[in-house]
Amino acid sequence: FDPLLIESKTPATVVLMLSSPENEVLAKACDALYKFASKDDENKVTLLHLGAVEHLCKLLSHEDPLVRRNAIMVLGIMASNHDVKTLLRELDVTNSLISQLAPEEDVVIHEFATLCLAHMAVECTTKVKIFEQGGLEPLIRLLGSPDPDVKKNSLECIYLLVQDFQNRAAVRELNVIPPLLGLLESEYPVIQLLALQTLKIISKDRETRILLGENKGLDCLLNILENNELSDLHIETLAVLGNCLEDVHTLQQIQLTGGIEKLLSFLEVSTVPDIQKNAAKAITKAAYDSEIRKILHWKEVEKLLLSLLDTNSDEVKVAASQAISAMCENMDSKCVLGLQGIPQLVQLLSSDNEEVKEAVVTALTNLTTANPRNASVVAKAEGIEPLMNTLHSQRDGAVSNATAVLTNLSLQEPFRVSIQSRGIMSALVGPLRSANSQVQSKAAFAVAAFGCDADARTELRNVGGLEPLVELLHSNYEEVRRNACWAVMVCGSDEPTAVELCRLGALDILEEINLSTKRKNKFSEAALEKLLDNNLSQKYSRMGYLSSSNIITNGFYDCGQVKHGGKFLSLEELSKQELTDRRAIIFINA
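What the sequence shown shows, in our numbering, is residues 77 to 666, in sequence order.
Following this line, the structure appears as structure tokens:
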């Protein structure tokens with residue numbers, strides 16, 4: 077057939093040419109479609125509707141390298157479109173793409189095959205297919221490609237894949253750490269940043285952190301921090317370092333190389349919120365080790381952390397408050413932070429940001445626990461009112477910690493009286509009804525702390541706080557149950573409260589608890605005894621005897637012994653009953 081020259085400006089005609097048996101026609105058609113698809117997303121959709129994707133996928137296995145190369149270029153550029161990605165998944169094209177990553181293939185094929193995989197790896201099912209079809213090994217190998225685009229696309233794909241736990245373990249086994257650390261020295265910032273973001277994810281695993289240390293990864297990270305020209309990488313570098321600081325062994329390595337000092341000096345000069353946040357997070361993790369806490373204290377880290385509380389960034393305030401909480405494990409730091417930091421923290425309790433409020437009140441809990449002086453500083457800084465307001469927070473962590481701080485303050489009588497005058501028992505009814513076991517536990521503990529005062533017990537009784545307290549006796553959480561028993565024991569110290577607790581069924585629940593070797597505790601036994609000793613009519617009815625210390629007074633009555641499981645009736649209930657031939661009820665009315 078004599079050569080036929082066709083000039084076409086219609087994409088539909090060019091898509092038809094993808095069915096040609098001639099290699100030259102196929103190569104030219106793909107080249108034309110690549111230029112067309114590169115212009116805008118609308119053109120990609122046009123080609124999708126014309127059925128180009130199906131034809132192009134078939135050409136991935138074509139014997140002619142030029143046809144295969146041009147076809148994969150079109151797919152790589154089209155895969156950025158959501159609908160194209162969906163179709164590629166349905167056509168199950170991942171295996172064909174992975175096969176294009178073989179070492180002998182052209183660098184352009186590598187570039188666009190990895191680009192296509194990177195676009196598709198956003199979706200979970202594709203991640204699974206890439207893993208199952210052995211895509212990780214060639215992707216890691218291509219991190220050493222001489223072509224920067226191949227490196228970037230391969231790295232982006234790996235970054236997306238390691239979001240899944242199984243892929244993190246797999247890339248570790250395939251020795252991904254050395255090539256990733258090598259990419260930190262790339263001349264292209266986008267590659268350096270992607271390498272750091274990938275390291276940030278995989279360094280969440282302890283085994284990877286060990287490999288990072290063995291491959292001198294910590295030195296690489298610290299060198300980046302020391303280089304001001306790489307300031308755009310400092311945020312992610314600090315995030316990776318923060319993960320590494322979770323291991324004592326890595327901590328000691330960093331300390332030996334002067335890394336802690338570098339970290340602190342870096343924090344001292346930086347004013348970038350994300351850098352400050354990540355540096356504070358790194359300090360939090362470092363402070364879990366007692367020796368590092370001492371070093372941080374010698375380096376006066378407290379001043380740095382308190383200065384971060386004055387920033388405009390809520391995220392920085394949260395991170396600084398968390399670091400303060402961690403440093404409280406060191407007694408010297410606790411004293412310094414208490415005197416200098418509590419007034420600042422108290423001011424932040426009025427923040428509109430609930431996360432800030434929670435982090436701040438957690439720091440105050442750690443500062444005031446077993447430290448009466450710091451508790452006094454909170455009171456003097458007028459912290460009681462904002463703490464009371466925090467009991468109504470939407471975050472369980474803020475409520476439980478605010479309750480804990482108020483309980484710490486209650487150990488000093490003047491503060492307990494002040495807190496009580498603000499209606500603490502009314503404020504605790506909400507936390508007692510919480511579904512969160514930590515909030516329940518702290519609230520019950522607070523009731524025990526404040527319930528030693530008769531007025532507080534009366535308030536709790538009047539606002540309906542005894543009912544949720546009794547409900548907590550049923551809790552399956554040992555700490556909640558123990559603190560509820562303790563609170564019942566304290567509240568059962570006067571007759572009106574003891575009678576009300578008995579009416580709500582506290583006696584039956586306590587008896588049931590005490591029959592169980594697993595559920596009973598010292599407080600459950602003491603609470604039962606206290607309730608009966610302050611409700612002698614019921615004690616005599618249940619037990620059939622009173623002890624020598626039980627003195628009956630006006631209002632005592634004997635209605636006979638109640639059978640186990642039977643209801644003990646009040647005087648009012650008994651007075652409404654019809655006369656019977658049963659034994660008379662004896663009532664002492666002086």
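Just so it is clear, CB atoms sit at the ideal spot from N, CA and C, and this is done for glycine as well.
Please report the distance separating the alpha-carbon of residue 206 from that of residue 170.
Taking the sequence shown and counting its residues from 1, one reaches residue 206 at position 130. Taking the sequence shown and counting its residues from 1, one reaches residue 170 at position 94. Each residue's Cα considered, the two are about 7 Å apart.
Would you list the one or two residues that DSSP bridges to residue 634?
To locate residue 634, count along the sequence shown from 1; it is residue 558. Note: residue 634 sits in a beta bridge opposite 662.
Does DSSP put residue 697 in a helix, in a strand, or in coil?
Absent from the structure is residue 697, since the part of the chain shown begins at 77 and ends at 666.
Out of 292, 583, 252, state which residue places its alpha-carbon closest to the alpha-carbon of residue 642.
As a first step, residue 642 is located in the sequence shown; it is residue number 566 there, counting from the start. Cα-wise, what sits closest to residue 642 is 583.
Same chain only: Cβ atoms within 8 Å of residue 228, ignoring 5 sequence neighbours per side
As a first step, residue 228 is located in the sequence shown; it is residue number 152 there, counting from the start. Beyond the five residues adjoining it in sequence on each side, residue 228 comes within less than 8 Å, by CB distance, of 264, 266, 267, 270 in the same chain, given in chain order.
Below 8 Å on the Cβ atoms is my contact criterion, and I expect residue 666 with residue 610 to pass it. Report the Cβ-Cβ distance as a whole number of Å.
As a first step, residue 666 is located in the sequence shown; it is residue number 590 there, counting from the start. As a first step, residue 610 is located in the sequence shown; it is residue number 534 there, counting from the start. In this structure, residue 666 and residue 610 do not form a Cβ contact; the two beta carbons are roughly 19 Å apart against a cut-off of 8 Å.
How would you write the range of the alpha helix (DSSP H) that residue 152 sits in, first residue to last?
Sequence index remark: in the sequence shown, residue 152 carries index 76 (1-based). In the DSSP assignment, residue 152 falls within the unbroken alpha helix (DSSP H) covering 141-154.
Where does residue 562 land, buried or exposed, given buried means 16+ other C-beta within 10 angstroms?
Taking the sequence shown and counting its residues from 1, the one referred to as residue 562 is at position 486. Under this definition residue 562 is a buried residue.
For a test of the three-state rule: what should DSSP assign to residue 235, helix, strand or coil?
For the purposes of this step, residue 235 is taken as residue 159 along the sequence shown, with counting starting at 1. Correct three-state label for residue 235: helix.
Just checking, does the stretch 403-421 make contact with the stretch 369-376 on the three C-beta pairs under 8 Å criterion?
Touching, yes.
Do you know how far the Cα of residue 208 is from the Cα of residue 201?
Counted from its first residue, the sequence shown places residue 201 at position 125. Counted from its first residue, the sequence shown places residue 208 at position 132. In this structure, the straight-line span from the alpha carbon of residue 201 to that of residue 208 is close to 11 Å.
Hey, which unbroken runs of the alpha helix (DSSP H) at 4 residues or more fall wholly within the stretch 303-384?
Secondary structure remark: continuous alpha helix (DSSP H) runs of at least 4 residues inside the stretch 303-384, in chain order: 310-320, 324-332, 335-345, 349-362, 366-374, 377-384.
Taking all protein chains shown into account, decide if residue 515 is buried (16 or more other Cβ within 10 angstroms of its Cβ) or exposed.
As a position in the sequence shown, residue 515 is number 439, starting the count at 1. Classification of residue 515: buried, given that the 10 Å Cβ count is 16 or more.
Is residue 555 helix, strand or coil when you go by DSSP?
Taking the sequence shown and counting its residues from 1, the one referred to as residue 555 is at position 479. Here residue 555 carries a helix assignment [DSSP, helix/strand/coil].
Just tell me which of 634, 559, 573, 398 has its CA closest to the CA of residue 533.
Position 457 of the sequence shown, counted from the first residue, corresponds to residue 533. The shortest Cα separation from residue 533 among 634, 559, 573, 398 belongs to 573.
I think residue 54 touches residue 439, with their Cβ atoms under 8 Å apart; what is that distance to the nearest whole Å?
Any property of residue 54 remains undetermined from this structure, which presents the chain solely from 77 to 666.
Spatial distance of residue 415 from residue 347 (CA atoms)
Within the sequence shown, the letter at position 339 stands for residue 415. Within the sequence shown, the letter at position 271 stands for residue 347. The straight-line gap from Cα to Cα measures roughly 25 Å.
What are the start and end residues of each continuous alpha helix (DSSP H) run of 4 or more residues lying completely inside the stretch 211-268, in chain order?
If one requires a minimum length of 4 residues, the alpha helix (DSSP H) runs lying completely within the stretch 211-268 are 212-217, 224-237, 241-249, 253-259, in chain order.
Got a sec, what are the start and stop residues for the alpha helix (DSSP H) residue 671 sits in?
With the chain running from 77 to 666 in the structure shown, residue 671 is simply not present.
In the stretch 395-455, which residue ranges form an unbroken alpha helix (DSSP H) of at least 4 residues, counting only runs that do not cross its ends?
For the stretch 395-455, whole alpha helix (DSSP H) runs of length 4 or above, ordered along the chain, are 407-424, 430-444.
When the cut-off is 8 Å and only beta carbons count, does residue 452 lie next to chain B?
Given the protein chain composition of this structure (a single chain), no chain B is represented.
Tell me the residue span of the alpha helix (DSSP H) that contains residue 506.
Taking the sequence shown and counting its residues from 1, the one referred to as residue 506 is at position 430. Element bounds for residue 506: 500-508.
By Cβ distance below 7 Å, which residues in the same chain neighbour residue 387 in space, the five residues on each side in sequence not counted?
By 1-based counting over the sequence shown, the position of residue 387 is 311. When the five nearest sequence neighbours on each side are left out, the beta carbons in the same chain lying within less than 7 Å of the beta carbon of residue 387 are those of 349, 352, 393, in order along the chain.
Exposure label - residue 652; buried when at least 16 CB within 10 Å
Along the sequence shown, one-based indexing puts residue 652 at 576. Its Cβ having fewer than 16 others within 10 Å, residue 652 is exposed.
If we call anything under 8 Å between Cβ atoms a contact, is residue 606 one with residue 565?
As a position in the sequence shown, residue 606 is number 530, starting the count at 1. As a position in the sequence shown, residue 565 is number 489, starting the count at 1. The answer is yes: Cβ separation under 8 Å.
On a CA-only basis, which of 151, 560, 161, 217 is nearest residue 178? Give me that one, please.
On the sequence shown, position 102 is the one that residue 178 refers to. For the set 151, 560, 161, 217, the Cα lying nearest the Cα of residue 178 is the one of 217.
Which runs of the alpha helix (DSSP H) spanning at least 4 residues fall entirely within the stretch 531-615, listed in chain order?
List check, alpha helix (DSSP H) in window: 542-547, 554-567, 571-579, 582-591, 598-609.
Sort 319, 297, 318, 320 by Cα distance to residue 309 and report the nearest one.
Residue 309 sits at position 233 when you count from the first residue of the sequence shown. Ranking 319, 297, 318, 320 by CA distance to the CA of residue 309 puts 297 first.
At least three beta-carbon pairs within less than 8 Å, the stretch 109-127 to the stretch 152-162
They touch, by the three-pair rule.
Report back the beta-carbon spacing between residue 274 and residue 231 to the nearest angstrom; my notes put them in contact at under 8 Å.
Taking the first residue of the sequence shown as position 1, residue 274 is located at position 198. Taking the first residue of the sequence shown as position 1, residue 231 is located at position 155. 7 Å between Cβ atoms; contact.
Is it buried or exposed, residue 408, if we count other Cβ atoms within 10 angstroms and call 16 or more buried?
For this step, residue 408 is matched to residue 332 along the sequence shown. Of the residues assessed, residue 408 falls on the exposed side of the cut-off, its CB having fewer than 16 other CB atoms within 10 angstroms.
If you check the beta carbons only, do residue 559 and residue 511 fall under 8 Å apart?
On the sequence shown, residue 559 is found 483 positions in, with the first residue counted as 1. On the sequence shown, residue 511 is found 435 positions in, with the first residue counted as 1. The Cβ atoms of residue 559 and residue 511 lie no closer than 8 Å to each other.
Pick out whichever of 557, 457, 181, 258 has its Cα sitting closest to the Cα of residue 424.
Here residue 424 is taken as the residue at index 348 of the sequence shown, counted from 1. Comparing Cα positions, the closest option is 457.
Would DSSP call residue 458 helix, strand or coil?
Translated into positions along the sequence shown, residue 458 becomes position 382. In the structure shown, residue 458 sits in coil (DSSP, three-state: anything other than H, G, I, E or B).
Exposed or buried, residue 235, counting other C-beta atoms within 10 Å across all chains shown (16 or more means buried)?
Taking the sequence shown and counting its residues from 1, the one referred to as residue 235 is at position 159. The residue in question, residue 235, is buried, as its Cβ has 16 or more Cβ neighbours within 10 Å.
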